[in-house]
Structure formats: C-alpha cells, structure tokens
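Taking it in order: structure first as structure tokens, then the write-up.
In this note's numbering, the protein residues as written are 69 to 222.
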C-alpha cells in the first residue's frame, strides 16, 4: 500500500489491515457482481463483521446517498466498535483510461480524521478475480472520521 509519509506515521496497523481486508472483500465481490454492492465492515473486540449496505443497486448514482446514511449509522455505533471501513465501487480516470475502483473510506475511534484508499481494478472477462491495476493510494484526512462527526455536532 503506497501512503503519504504523514498517513504512514498516523495510521495504526489494525486500521491498515482492515482497509486491505476491505479491498480484498471488494475485489471478491467484483468477481461476482457488476457493480458490487457497497459493504461496511466494523471491528469490535478484535472481531470483524461485514454486511452489505443495500440489497441491490438500481441506480449507481445513489452511492453518495448510501454513503451519507452509512456515515450517520456509524456515528451512532456503541463504543465497543473501534474501527470501520465502507467500500464502494466508483469509476476513475488513470493515465487517460477509465477504470473501476474499490474505494475504501475508513476511520478509527479517537482519531481526528479518516482515510480513503483507492484501488483501481479491471474485471476478468472470464469471471475470475479482478486484476489490481496499481498499488492502492491512501489519502490521510480525505474523509471525516464518522465516529467523530456526529459527536461534534451534538
């Protein structure tokens, strides 16, 4: 995982592991569905639980609405939940070509900002596991930490 120096200093090993786990889940989901359904993984007491945020995507343009609702729900989770990762499929332009990308937005309780990881990929036409296009990029403070965003508003 390529990270800015600041992100490398700040991100815990546990959150980095959760983000990479989320990329694997996204690529696995992408091998079965186009587009794959948004996923949420939370970590509490050393255990991870993953669920789909919706049952089907009728309008891929609703991704922002889905993210907004997920962020609100995360903010209300009990204190035992210490980390979260939301994964969505987006499109991106890389070197002039359009690719699908697994976008992971993640945070850790007590941290001021969240992280975004972008992993471009190409689906296997035969239905196999997608090919990762390049090393994912992690952006520090590219997202609000959902644990913190609601508690600050209250």
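Where a beta carbon is used, it is the ideal one built from N, C-alpha and C, also for glycine.
- Look at the beta carbons and you see the stretch 150-159 touching the stretch 170-181: at least three pairs across the two are nearer than 8 Å.
- Under DSSP, residue 151 takes part in a beta bridge, and its partners are 111 and 176.
- Here the stretch 105-112 lies against the stretch 86-96, with 3 or more beta-carbon pairs under 8 Å apart.
- In this structure, the alpha-carbon of residue 167 lies about 22 Å from that of residue 211.
- In the three-state reduction of the DSSP assignment, residue 202 falls in the coil class.
- For residue 92, the uninterrupted alpha helix (DSSP H) run begins and ends at 81-98, by DSSP.
- Around the beta-carbon of residue 161, fewer than 16 other beta-carbon atoms lie within 10 Å, marking it exposed.
- Approximately 6 Å separates the beta-carbon atoms of residue 189 and residue 199; this is inside 8 Å, confirming the contact.
- Take the alpha-carbon of residue 131 and the one of residue 98: they are about 16 Å apart.
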